[in-house]
Each structure stands twice: as structure tokens, then as C-alpha cells.
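Enquirer:
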Amino acid sequence: MRIIIFGPPGSGKGTQAKKIAAHFNISHLSTGNMFREAISQGTELGKLVESIIDQGHLVPDQTVVDLVEETIDKEEYNGGYIIDGFPRTVEQAVAFDNLLERRNESIDAFLSLHVPDEELVKRLLARGEGRSDDTEEKIRTRLDVYKKETAPVMDHYQQAGMFRSIDGTGTIDEIFERALSALPSK
10 MRIIIFGPPG
20 SGKGTQAKKI
30 AAHFNISHLS
40 TGNMFREAIS
50 QGTELGKLVE
60 SIIDQGHLVP
70 DQTVVDLVEE
80 TIDKEEYNGG
90 YIIDGFPRTV
100 EQAVAFDNLL
110 ERRNESIDAF
120 LSLHVPDEEL
130 VKRLLARGEG
140 RSDDTEEKIR
150 TRLDVYKKET
160 APVMDHYQQA
170 GMFRSIDGTG
180 TIDEIFERAL
190 SALPSK
């Protein structure tokens with residue numbers, strides 16, 4: 010099974026991705042972890058990403074897709090995976106679709122966690138990570154950016170018939186059950 014889990018900051022996508030990965034015995038691919046691993050391993054792409062991040066720039070779409078490809082080429086991803094944090098743009102989604110098509114693969118589902126803004130703000134403020142951008146004003150700005158940048162990605166997967174909206178409120182287990190119910194049976 011190949012799944013993309015999507016949602017705004019604080020929606021719980023990392024938590025749910027880990028639970029879904031364990032449930033289906035598939036790998037969890039987090040782009041943040043992927044970047045850190047490529048950098049620590051000193052791969053060519055890792056070195057490129059490190060230099061881009063060090064300069065304070067965003068990693069270009071094709072570089073992100075190349076890193077995802079490098080990661081899913083590893084044996085541990087052969088049995089399926091759940092991705093969180095990718096794709097973030099329609100360009101990344103289209104490039105990923107093309108990559109999967111070349112591999113004779115496809116995504117089984119695109120799960121989108123929906124949580125009201127007030128709940129997201131509350132969760133992010135309570136997270137206590139000490140991030141400088143975890144003030145209410147900056148959280149709201151991040152949520153606005155997320156909505157503007159990611160709505161087209163959701164539309165892309167909705168048009169492809171893979172989009173599944175999940176109510177991301179309630180307990181972790183309640184959300185997990187909703188996510189499992191939204192997945193196609195295999």
C-alpha cells in the first residue's frame with residue numbers, strides 16, 4: 010500500500026503516519042527525516058540540500074522529488090509506504106505521479122486530515138517545542154500559507170480520485186480508526 014497523508018501543521022499527520030505504517034507493516038517516509046538522513050549520509054543530493062538550506066532557501070521541487078525517489082528506491086520501501094510532508098506543491102505532485110508511472114506504481118490513497126484552525130492553534134501552542142514560530146500570530150500565518158500553497162495539491166489528488174478527507178479531531182485512536190476506514194481495502 011502506498012499512502013500520502015496530508016494536513017496543516019499540528020493536524021497530527023506524523024502521529025497518524027506512524028500508526029498507519031505500523032498497522033500495515035509499511036515504511037513511514039517523512040520528508041523532514043529524509044532531508045536529515047540524506048545530509049547525514051553525505052549523499053550528493055544530501056550535500057545539495059544542505060547547501061540550499063544553509064543559504065536559507067527552499068529546496069526546489071525537483072530536488073525534493075529526486076530525494077523522495079532516492080529514498081523509495083531503498084529495499085525497505087518495496088512493500089509500501091506512507092509519506093507525510095510531501096508533495097507540498099502541484100509541481101511536486103505531478104513529478105511524483107510521473108515517477109510512480111515510470112515504476113508501474115501508483116498511490117492508493119491521499120488522506121487529508123482536517124482540523125479547525127482554533128484547534129490547530131491550541132495544539133501548536135501546547136506542543137511546547139520552543140520554536141520561535143510557535144506564537145499565535147506566527148502559527149496563524151503558517152496556517153494561511155499552508156492553505157494557499159496546498160489547496161491546489163488537494164485539488165490535484167481529488168481530481169485523480171484518491172482524495173479522502175479525515176476528521177482530525179478527537180483522540181489519536183479515533184482519528185486512526187477514521188483513517189483506516191477511509192483507506193481502500195486491499
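The opening position of the sequence shown corresponds to residue 10 in the working numbering, with each subsequent residue numbered one higher.
The C-beta atom is built at its ideal place from N, Cα and C for all residues, glycine as well.
These figures come from a predicted structure and were not determined experimentally.
Given this structure, state the Cα-to-Cα distance separating Ala135 from Arg111, to the nearest angstrom.
Expert: Along the sequence shown, read from residue 1 onward, the residue named residue 135 stands at position 126. Along the sequence shown, read from residue 1 onward, the residue named residue 111 stands at position 102. Rounded to whole angstroms, Ala135 to Arg111 spans 43 Å at the Cα level.
Enquirer: Which class does Ile48 belong to by DSSP, given the choice of helix, strand or coil?
Expert: Here residue 48 refers to the residue found at position 39 when the sequence shown is read from its first residue. Of the three classes helix, strand and coil, the one that applies to Ile48 here is helix, per DSSP.
Enquirer: Under a three-way DSSP split, which group does His66 fall into?
Expert: Counted from its first residue, the sequence shown places residue 66 at position 57. Reduced to three states, the DSSP call for His66 is coil.
Enquirer: Thinking C-beta only, is Arg173 closer than 9 Å to Arg91?
Expert: Position 82 of the sequence shown holds residue 91. Position 164 of the sequence shown holds residue 173. In the sequence under discussion, the amino acid at residue 91 is Ile, which differs from the Arg named in the question. Result no, Cβ atoms of Ile91 and Arg173 do not sit closer than 9 Å.
Enquirer: Over the uninterrupted alpha helix (DSSP H) stretch that includes Tyr166, give me the two end residues.
Expert: Here residue 166 corresponds to residue number 157 of the sequence shown, with the count starting at 1. Where Tyr166 is concerned, the enclosing alpha helix (DSSP H) stretches over 145–168.
Enquirer: Tell me which residues share the same chain as Asp176 and place their Cβ nearer than 7 Å to its Cβ, disregarding the 5 neighbours each side in the sequence.
Expert: Counting from 1 along the sequence shown, the entry for residue 176 is found at position 167. Closer than 7 Å at Cβ, skipping near neighbours: His123, Arg187.
Enquirer: Report yes if the CB atom of Tyr155 is closer than 9 Å to the CB atom of Pro69, and no otherwise.
Expert: The sequence position of residue 155 within the sequence shown is 146, counting from 1. The sequence position of residue 69 within the sequence shown is 60, counting from 1. Not closer than 9 Å, so no.
Enquirer: Considering only the alpha carbon of each residue, which of Lys157, Leu38, Asn34 lies closest to Lys83?
Expert: As a position in the sequence shown, residue 83 is number 74, starting the count at 1. Closest by alpha carbon: Leu38.
Enquirer: Would a C-beta distance cut-off of 9 Å place Val74 and Phe33 closer than the cut-off?
Expert: Start at 1 with the first residue of the sequence shown, and residue 74 comes out as number 65. Start at 1 with the first residue of the sequence shown, and residue 33 comes out as number 24. Against a cut-off of 9 Å, the Cβ pair of Phe33 and Val74 comes out as no contact.
Enquirer: Among Ala26, Glu127, Leu76, Thr24, whose alpha-carbon lies nearest the alpha-carbon of Glu146?
Expert: Along the sequence shown, read from residue 1 onward, the residue named residue 146 stands at position 137. The candidate whose alpha carbon is nearest that of Glu146 is Glu127.
Enquirer: By the DSSP assignment, the beta strand (DSSP E) with Ser20 in it spans what residues?
Expert: Taking the sequence shown and counting its residues from 1, the one referred to as residue 20 is at position 11. Element bounds for Ser20: n/a, residue is neither H nor E.
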